[in-house]
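Undergrad: Take this structure first; my questions come after.
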Amino acid sequence: MNKEMAESAVLSRENEKAQIEKDEIEIESRKTLLITVPLQDAIFNSANFSSIATDEKGVIQIFNVGAERMLGYTAAEVTNKITPADISDPQEV
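Its first residue numbered 1287, the sequence shown is counted upward by one per residue in this note's numbering.
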């Protein structure tokens, strides 16, 4: 019985250590995202080009500053609301 309790205690400590390591990795990943995402956004929105991305249904999900300047719509006006076809001139396509 004592051997089983000792083995159980060892296993419990190992599980705790594994969970702590997993939590530490998660924390580091989140820290990296907190740094990376704003940097990517800054680069993306400082670019001198238009970038529009859609989801699988064709609805605009990304509309950068270049697209705003070029097309005259704000990201808030188009994101999650319309497709590129809604703001395209059929004669230009």
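Even glycine gets a Cβ: it sits at the ideal position worked out from N, Cα and C.
Which whole-angstrom value describes the C-beta separation of residue 1329 and residue 1338, a residue pair presumed to lie in contact below a C-beta threshold of 8 Å?
TA: In the sequence shown, counting from the first residue as 1, residue 1329 sits at position 43. In the sequence shown, counting from the first residue as 1, residue 1338 sits at position 52. So it is not a contact: roughly 17 Å between Cβ atoms.
Undergrad: Where does the unbroken alpha helix (DSSP H) through residue 1340 begin, and where does it stop?
TA: As a first step, residue 1340 is located in the sequence shown; it is residue number 54 there, counting from the start. Unbroken run through residue 1340 is the beta strand (DSSP E), 1338-1340; no alpha helix (DSSP H).
Undergrad: With H, G and I counted as helix, E and B as strand and the rest as coil, what does DSSP make of residue 1305?
TA: Within the sequence shown, the letter at position 19 stands for residue 1305. Residue 1305: helix per DSSP, three-state reduction.
Undergrad: Distance, Cα to Cα, residue 1368 vs residue 1308?
TA: As a working mapping, residue 1368 is identified with position 82 in the sequence shown. As a working mapping, residue 1308 is identified with position 22 in the sequence shown. Looking at the two C-alpha atoms, the distance is approximately 41 Å.
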